[in-house]
Amino acid sequence: MRRFALVLFVSFLVPLISGAQKPDRPKLVIGIVVDQMRWDYLYRYADRYGKDGFNRMVKQGYSCENTFIPYTPTYTAAGHTSVYTGSVPAINGIIGNSWYRRDLKRGWYCTEDTSVTTVGSTSTAGKMSPRNMWTSTITDELRLATNFESKTIGIALKDRGAILPAGHAANAAYWFDNASGGWITSTYYMKELPEWVRKLNDQKLPDQYLSKNWNTLYPISTYKQSTEDVKDYEASILGEDNSFPHNTATLTTNKYEAFRQTPGGNTYTFDMARATIDAEKMGQRGATDFLTVSFSSTDYVGHAFGPNSIEAEDTYLRFDRELGEFFKYLDTKIGAGQYLVFLTADHGVAHVPGFLEEHNMPGGTADDAVIQKWINTSAQKKYGIAKAIETVGNYQLYLNYAALDSAKIPVADFKLWALGELKSHPAIMSAYDLTSLAAATVNAKIRERITNGFNYKLSGDIQFIFMPGFFDGSNKGTTHGTWNPYDAHIPLVWYGWKIKPGKTNRETYMTDIAATVAALLRIQMPNGCVGNVIEEITR
Ligand SMILES: [Zn+2]
Numbered sequence: 116m117r118r119f120a121l122v123l124f125v126s127f128l129v130p131l132i133s134g135a136q137k138p139d140r141p142k143l144v145i146g147i148v149v150d151q152m153r154w155d156y157l158y159r160y161a162d163r164y165g166k167d168g169f170n171r172m173v174k175q176g177y178s179c180e181n182t183f184i185p186y187t188p189t190y191t192a193a194g195h196t197s198v199y200t201g202s203v204p205a206i207n208g209i210i211g212n213s214w215y216r217r218d219l220k221r222g223w224y225c226t227e228d229t230s231v232t233t234v235g236s237t238s239t240a241g242k243m244s245p246r247n248m249w250t251s252t253i254t255d256e257l258r259l260a261t262n263f264e265s266k267t268i269g270i271a272l273k274d275r276g277a278i279l280p281a282g283h284a285a286n287a288a289y290w291f292d293n294a295s296g297g298w299i300t301s302t303y304y305m306k307e308l309p310e311w312v313r314k315l316n317d318q319k320l321p322d323q324y325l326s327k328n329w330n331t332l333y334p335i336s337t338y339k340q341s342t343e344d345v346k347d348y349e350a351s352i353l354g355e356d357n358s359f360p361h362n363t364a365t366l367t368t369n370k371y372e373a374f375r376q377t378p379g380g381n382t383y384t385f386d387m388a389r390a391t392i393d394a395e396k397m398g399q400r401g402a403t404d405f406l407t408v409s410f411s412s413t414d415y416v417g418h419a420f421g422p423n424s425i426e427a428e429d430t431y432l433r434f435d436r437e438l439g440e441f442f443k444y445l446d447t448k449i450g451a452g453q454y455l456v457f458l459t460a461d462h463g464v465a466h467v468p469g470f471l472e473e474h475n476m477p478g479g480t481a482d483d484a485v486i487q488k489w490i491n492t493s494a495q496k497k498y499g500i501a502k503a504i505e506t507v508g509n510y511q512l513y514l515n516y517a518a519l520d521s522a523k524i525p526v527a528d529f530k531l532w533a534l535g536e537l538k539s540h541p542a543i544m545s546a547y548d549l550t551s552l553a554a555a556t557v558n559a560k561i562r563e564r565i566t567n568g569f570n571y572k573l574s575g576d577i578q579f580i581f582m583p584g585f586f587d588g589s590n591k592g593t594t595h596g597t598w599n600p601y602d603a604h605i606p607l608v609w610y611g612w613k614i615k616p617g618k619t620n621r622e623t624y625m626t627d628i629a630a631t632v633a634a635l636l637r638i639q640m641p642n643g644c645v646g647n648v649i650e651e652i653t654r
């Protein structure tokens, strides 16, 4: 009896002493990735942005102005994975958008999964899952921390932009299907689309957006921060010329693929984000939910037209407006100060080489496939073997060990020779044996980024680094993937729940995002996390 009384007394007292209660958390966390957004876009168009979008975030939120991607190659799948795992390709297994599988002797897509099928369309675009990702995500950790009471859902036109951020234990991920023009998912998550997704798909909003054509938001003469409209070095939207107005209404073949390359793709992503919050009651259930949204159209537009194009400027002006509307929606739906947002990017982008050339700036392209052919031809002459290189991908050479072995060529000798060859190429700045990088004479930052990108099981044998301004590609449009600041310097702005206004120019990293969210929510960090908490945010 006395024991019972003591237990009763203690159990009554403990909550009083410790003030025990559930940790204070926001109702909803929203992770926004703007695909291909360079940090400088926060300021480049700031005078043309409204007060409710980017400017609201930067003025009322906290900006980590010098956030870098701590690995190379800087591609979409690796970027989304790093943001949400707080980890790097060496550890999380997502070393690019795709990579060579020596065991299968073919390329392998980052979210490829032949064990699942499409839900919501007859296409094969849904044969995807997060299974190739080795580590947990911050979204997984929130699910674990709340015994799966929290919902996490990922949205993006790109499958990889939706699937990888949402994590393994996600409630759902939805991406865009070129065949049907609607949102789909895979049997990894569910057997059939929820009623509310089917209803949204039935509205055929992409057709409505395409039918309006893409003209500039403001008179075209006001786009003074961009090159004139039509340039030879621009690519075009499928089946369309590259001048304003872009006549998207008349597109017939592959019109939904073209749709991705218009600002309407971002509009449709915002539509889906609102529909998800409404239907799934995210942030309105007494648990902390996590919505990950990635805006892919900024990347498609950037690839085709480049960062100095009217198309890029117009896409960001429109995005800024829609971001402002989204915040107003969240203020009403969830409540101002009740939701936490971070906005970042998966990578930046290089200028179009043709544009650089116009202004006497260095830059250019070199084709991976041509480099492979050249090394193989030289190896044939030197060693008398065919196909000494199995493939070149993500700026790495994959050696053909079987061919070297049967010709009795020591791997170390061949590597030395190949390094010498690579260094003679005008587009290549340097090249390194990936297994002895520690012994190489190389700038410390480049060494760290290569090391973080090198995965012992999946990567190639030799890494080459291009000259600044150069990339693997053709002379139309542009891309990203290198260690250089234009590809690796990304925005990181925090806004909302418990975020005080401010900024830091201290160097922070993409991998710090998940660690910081974990600290804010008081949950475990992802299981491959190597980032640090950004203490300025948590103070
Ligand atoms: Zn891209």
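Quick note: the sequence shown uses our numbering, first residue 116, plus one each step. Backbone N, C-alpha and C fix where the C-beta goes; we use that ideal spot for every residue, glycine too. Because the structure is a prediction, the values reported are computed rather than measured.
Cα-Cα separation, residue i to residue j
i       : j       : result
Gln-495 : Ala-518 : 11 Å
Gly-584 : Phe-183 : 18 Å
Tyr-303 : Gly-439 : 34 Å
Gly-146 : Arg-275 : 15 Å
Gly-282 : Lys-523 : 45 Å
Gly-421 : Lys-591 : 9 Å
Pro-360 : Ile-209 : 38 Å
Asn-181 : Arg-621 : 6 Å
Trp-489 : Ala-555 : 24 Å
Gly-535 : Ser-493 : 12 Å
Asp-105 : Leu-531 : Residue numbering for the chain in the displayed model covers 116 to 654; residue 105 lies beyond these limits and cannot be assessed.
Glu-437 : Gly-168 : 7 Å
Ser-126 : Arg-400 : Its pLDDT being 49, under 50, Ser-126 is placed unreliably by the model, and the measurement read from it follows with that caveat. Spanning the two alpha carbons is a distance of roughly 28 Å.
Asp-347 : Asn-423 : 14 Å
Tyr-160 : Leu-432 : 8 Å
Ile-352 : Ile-580 : 30 Å
Asn-515 : Phe-529 : 11 Å
Ala-390 : Arg-313 : 11 Å
Leu-320 : Leu-157 : 29 Å
Lys-615 : Met-387 : 29 Å
Ser-244 : His-195 : 14 Å
Lys-220 : Trp-214 : 11 Å
Gln-487 : Ser-589 : 16 Å
Endpoints, alpha helix (DSSP H) assigned at residue i
i       : result
Met-172 : 169 to 175
Ala-277 : 274 to 281
Met-387 : 379 to 394
Gln-323 : 320 to 326
Trp-107 : Because the chain in this structure spans residues 116 to 654, residue 107 falls outside the shown range and cannot be described.
Ile-94  : Because the chain spans 116 through 654 in this model, residue 94 falls outside it and cannot be assessed.
Anticipated Cβ contact below 8 Å, residue i with residue j, distance rounded
i       : j       : result
Thr-300 : Val-234 : 5 Å
Pro-141 : Gly-646 : Rounded, the Cβ-Cβ distance is 20 Å, inconsistent with contact.
Asp-587 : Asp-483 : 5 Å
Asp-150 : Asp-414 : 4 Å
Span of the beta strand (DSSP E) around residue i
i       : result
Val-485 : That residue, Val-485, is in no beta strand (DSSP E); its alpha helix (DSSP H) goes 483 to 498.
Asn-620 : 617 to 624
Ile-504 : 504 to 508
Leu-657 : For residue 657 there is no data in the structure shown, the boundaries of the chain being 116 and 654.
Ala-271 : 267 to 271
Ala-546 : 543 to 548
Ala-287 : 287 to 291
Ile-580 : 577 to 581
Ile-565 : Per DSSP, Ile-565 belongs to no beta strand (DSSP E); it is in the alpha helix (DSSP H), 559 to 568.
Cβ-based neighbour list, residue i, same chain, cut-off 8 Å, excluding 5 preceding and 5 following
i       : result
Lys-538 : Ser-545, Ala-546
Thr-267 : Thr-254, Asp-255, Leu-257, Arg-258, Ala-281, Gly-282, Ala-284, Ala-285, Asn-286, Asp-404, Phe-405, Leu-406, Thr-407
Ala-277 : Gly-269, Ile-270, Ala-271, Ala-288, Tyr-289, Trp-290, Thr-407, Ser-409
Asn-328 : Pro-360, His-361, Asn-362, Thr-363, Ala-364
Ser-236 : Asp-292, Ala-294, Ser-295, Gly-297, Ile-299
His-315 : It should be noted that the sequence gives Leu, not His, for residue 315. Result list for Leu-315: Gly-297, Trp-298, Asp-386, Met-387, Ala-390, in chain order.
Own chain partners of residue i with C-beta closer than 6 Å, once the 5 adjacent residues on each side are dropped
i       : result
Ser-178 : Val-608, Lys-618
Ala-260 : Ile-638
Ala-527 : none
Gly-575 : Gln-511, Leu-512, Tyr-513
Ala-394 : Trp-311
7 Å Cβ cutoff, residue i in contact with chain D
i       : result
Gly-535 : Absent here is chain D; the protein component of the structure consists of one chain.
Close-in-space but distant-in-sequence residues of the same chain around residue i (CB under 7 Å, 5 per side omitted)
i       : result
Val-345 : Asn-357, Ser-358
Phe-124 : In this prediction, Phe-124 scores a pLDDT of 49, lower than 50, which makes its location untrustworthy; no coordinate-derived value is stated.
Leu-325 : Thr-363, Ala-364, Leu-366, Lys-370, Phe-374, Gly-379
Val-173 : Leu-157, Val-608
Lys-396 : none
Query raised in the report: How do the stretch 441 to 459 and the stretch 376 to 383 stand: do at least 3 beta-carbon pairs fall below 8 Å, yes or no?
Result: no
Query raised in the report: Is the number of C-beta pairs between the stretch 248 to 258 and the stretch 635 to 647 that are closer than 8 Å three or more?
Result: yes
**Report entry** Segment contact flag, the stretch 198 to 216 with the stretch 466 to 478, C-beta cutoff 8 Å, min 3 pairs
**Finding:** no
Query raised in the report: With a cut-off of 8 Å, do at least 3 Cβ pairs link the stretch 498 to 508 to the stretch 623 to 635?
Result: no
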